[in-house]
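These protein sequence lines map, in sequence, to chains A and B.
FYI, the numbering for the first sequence is 1 to 219, going by the numbering used here.
FYI, the numbering for the second sequence is 1 to 219, going by the numbering used here.
Everything on this sheet refers to the single structure shown next.
Number of protein chains: 2
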Amino acid sequence: MLSLVEENYLKAIYHLSEGGKEQVSTNAIADVIRTKPASVSDMIQRLDRKGVINYTKYQGVKVTNEGKEAALSVIRKHRLWEVFLVEHLNFSWDEVHEVAEQLEHIKSPLLIERLDKFLGQPKVDPHGDPIPDAKGIFRAKPQQPLQHLSEGSLAVIRAVKDTSSAFLQHLDKLGAHLGTQVKILEKVEFDNSMQIQLDQSPPVFISNQVAENLLVQEK
Amino acid sequence: MLSLVEENYLKAIYHLSEGGKEQVSTNAIADVIRTKPASVSDMIQRLDRKGVINYTKYQGVKVTNEGKEAALSVIRKHRLWEVFLVEHLNFSWDEVHEVAEQLEHIKSPLLIERLDKFLGQPKVDPHGDPIPDAKGIFRAKPQQPLQHLSEGSLAVIRAVKDTSSAFLQHLDKLGAHLGTQVKILEKVEFDNSMQIQLDQSPPVFISNQVAENLLVQEK
DNA sequence: ATAAAAATTTAGGTCAATCTAAAAATAATT
DNA sequence: AATTATTTTTAGATTGACCTAAATTTTTAT
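This is how it looks when you write it as structure tokens:
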């Protein structure tokens, strides 16, 4: 049984290792958890003892199968609650994160099973991230940062990488939502910004940062 | 800002003082919280420093106005979540307590405001307990233990005092729910049990304990 | 290949929340 | 009223989750 804090560490480690990297470093963890490397050092030794990660001194950590299962269970809960907040309590996609961070730690298998059913077993959360099923299985849709596409490409927004309020509110202003169609009209070499068209709206410029954080599926 | 544990102590103290008693004793708190009196002694000194209770050594504690507000906010959340679980996630009234004990500590005024609206601003929870509004105001319906009524009385079940699964499941078997009409057919002096009729069902005997925990409104 | 820089770990400390054992205060009983 | 019993508090320890400062290891750069 993991404590709330341990769950947060494990989730962070899992997310850091999602990017393909096998070994996750102490500093990287300290960064996401917003804590000191010394504290992380402490904690990863505890998580190692609990069997959810493998830790070798100075070499970073790797999530075990047991750890992956636990991490996915927390992620599943987080994303299901986000769906609930947006679809039933009228939250906007930039308001859900902090609350879901709390709700994800509620321990009740029955609750999650029932919530899942109530929501109609959704497959993605309001940011387009896939929701693992009860067994931790999920299918990641083929998607890439808008930045990677070339001039003239046509794509559909499927997810966002950054889920900060600032970014999401900016997208709202632009009219960029999940399912919105994007056409790349022009790529500016100078600063990697680009001019795009969202659905039938007039063309707009977006910065490199925005394009990096918009995950799209090419048509 | 109170910690989860502090909230639980405060809630317990508030509930203990609801029964009219001004001063709540260390042992009584230890009993409900299932902790040792020494730990309670520690904690009530902390809660006193935080201003939510007034503590005088060896004399017990009393909830302050500020404390009452905080306690009612937790109770409001607990009861709103119970309504949600029963009305939308198909929980039965004997399954909600433990989950609501966790959900009541989620901190998000927006969440509670929206949940309240979603649920249609309910006035009572699945056990008949009144739900305080955002300002902590609630109206307790006039009700008394069934045990207090005399032979021949007619009443309606409005709430339950005990909310343990064991008790609630027993009530389910008897067919006793909120809103069920009760007629007292006979009171047995020997053991304080009684024979009652629930709605149009055949008469049944109930023990003194059951009658003490059924809160009714006389007709 | 060595020195400097960066990352990581250890040592030692703090705070919240608990505990046990012992001391002190209050209440009950003869 | 004095003694006994009960309740409450204090003292001292423990565990989880953090911190700072110092030591160690690894990496990078000269």
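Don't be surprised by glycine CBs; every beta carbon is placed ideally from N, CA and C.
Owing to the predicted nature of the structure, the values given are computational and were not obtained by experimental measurement.
{"Asked": "Residue 54 of chain B, enclosing beta strand (DSSP E) - first and last residue", "Found": "53 to 55"}
{"Asked": "Closer than 7 Å to chain A by CB, residue 84 of chain B", "Found": "no"}
{"Asked": "N-terminal and C-terminal residue of the alpha helix (DSSP H) that residue 186 of chain A is part of", "Found": "It is not in any alpha helix (DSSP H) - residue 186 of chain A instead sits in the beta strand (DSSP E) that spans 181 to 187."}
{"Asked": "Coil, strand or helix - residue 132 of chain B by DSSP", "Found": "coil"}
{"Asked": "C-beta neighbour in chain A for residue 80 of chain B, strict 7 Å", "Found": "no"}
{"Asked": "Any C-beta of chain B under 7 Å from that of residue 102 of chain A", "Found": "yes"}
{"Asked": "Local conformation of residue 218 of chain B per DSSP, three classes", "Found": "strand"}
{"Asked": "Residues that residue 114 of chain A contacts on chain B, provided the C-beta gap is smaller than 9 Å", "Found": "85, 88, 89, 90 and 91"}
{"Asked": "Rounded C-alpha distance that separates residue 163 of chain A from residue 156 of chain B", "Found": "51 Å"}
{"Asked": "Min CB distance residue 74 of chain A to chain B below 7 Å", "Found": "no"}
{"Asked": "Nearest residue (CA-CA) to residue 125 of chain B, options B/137, B/84, B/98 and B/145", "Found": "B/84"}
{"Asked": "Distance CB(residue 71 of chain A)-CB(residue 115 of chain A) smaller than 7 Å", "Found": "no"}
{"Asked": "Residue 143 of chain A (DSSP reduced to helix, strand or coil)", "Found": "coil"}
{"Asked": "Beta carbon proximity, residue 99 of chain B to chain A, threshold 7 Å", "Found": "yes"}
{"Asked": "Residues that residue 206 of chain B bridges to, as DSSP identifies them", "Found": "B/194"}
{"Asked": "Which listed residue (A/111, A/96 and A/117) has its alpha carbon closest to that of residue 107 of chain B", "Found": "A/96"}
{"Asked": "For residue 135 of chain B and residue 180 of chain A, the rounded distance between their alpha carbons", "Found": "42 Å"}
{"Asked": "Within chain A, the residues that residue 107 of chain B reaches when beta carbons sit closer than 8 Å", "Found": "102"}
{"Asked": "N-terminal and C-terminal residue of the alpha helix (DSSP H) that residue 44 of chain B is part of", "Found": "37 to 49"}
{"Asked": "Boundaries (first-last residue) of the alpha helix (DSSP H) holding residue 13 of chain A", "Found": "4 to 18"}
{"Asked": "Contacts of residue 118 of chain B in chain A (Cβ-Cβ under 7 Å)", "Found": "88 and 89"}
{"Asked": "Assigned exposure category for residue 190 of chain B - 16 Cβ within 10 Å defines buried", "Found": "exposed"}
{"Asked": "Listed by chain order, chain B residues near residue 178 of chain A by CB distance under 8 Å", "Found": "Per Cβ cutoff of 8 Å: no residues; residue 178 of chain A is ~21 Å from chain B at best."}
{"Asked": "Element boundaries [alpha helix (DSSP H), containing residue 176 of chain A]", "Found": "Element bounds for residue 176 of chain A: n/a, residue is neither H nor E."}
{"Asked": "Three-pair Cβ contact test at 8 Å for the segment 201 to 217 of chain A versus the segment 3 to 18 of chain B", "Found": "no"}
{"Asked": "As assigned by DSSP and simplified to three states, the class of residue 34 of chain A", "Found": "coil"}
{"Asked": "Interface flag, residue 111 of chain B vs chain A, CB-CB below 7 Å", "Found": "yes"}
{"Asked": "Extent of the continuous beta strand (DSSP E) to which residue 154 of chain B belongs", "Found": "154 to 160"}
{"Asked": "Boundaries of the beta strand (DSSP E) in which residue 62 of chain B is found, first to last residue", "Found": "61 to 63"}
{"Asked": "Spatial neighbours of residue 207 of chain A in its chain, beta-carbon cut-off 6 Å, leaving aside the 5 residues before and after", "Found": "193"}
{"Asked": "Start-to-end residues for the alpha helix (DSSP H) that takes in residue 116 of chain B", "Found": "109 to 118"}
{"Asked": "Distance between residue 78 of chain A and residue 130 of chain A (C-alpha atoms, nearest Å)", "Found": "11 Å"}
{"Asked": "Buried or exposed (CB count within 10 angstroms, at least 16 for buried), residue 109 of chain A", "Found": "exposed"}
{"Asked": "Beta-carbon gap between residue 94 of chain B and residue 178 of chain B smaller than 7 Å", "Found": "no"}
{"Asked": "Among B/139, B/210 and B/25, nearest to residue 166 of chain B - alpha-carbon criterion", "Found": "B/210"}
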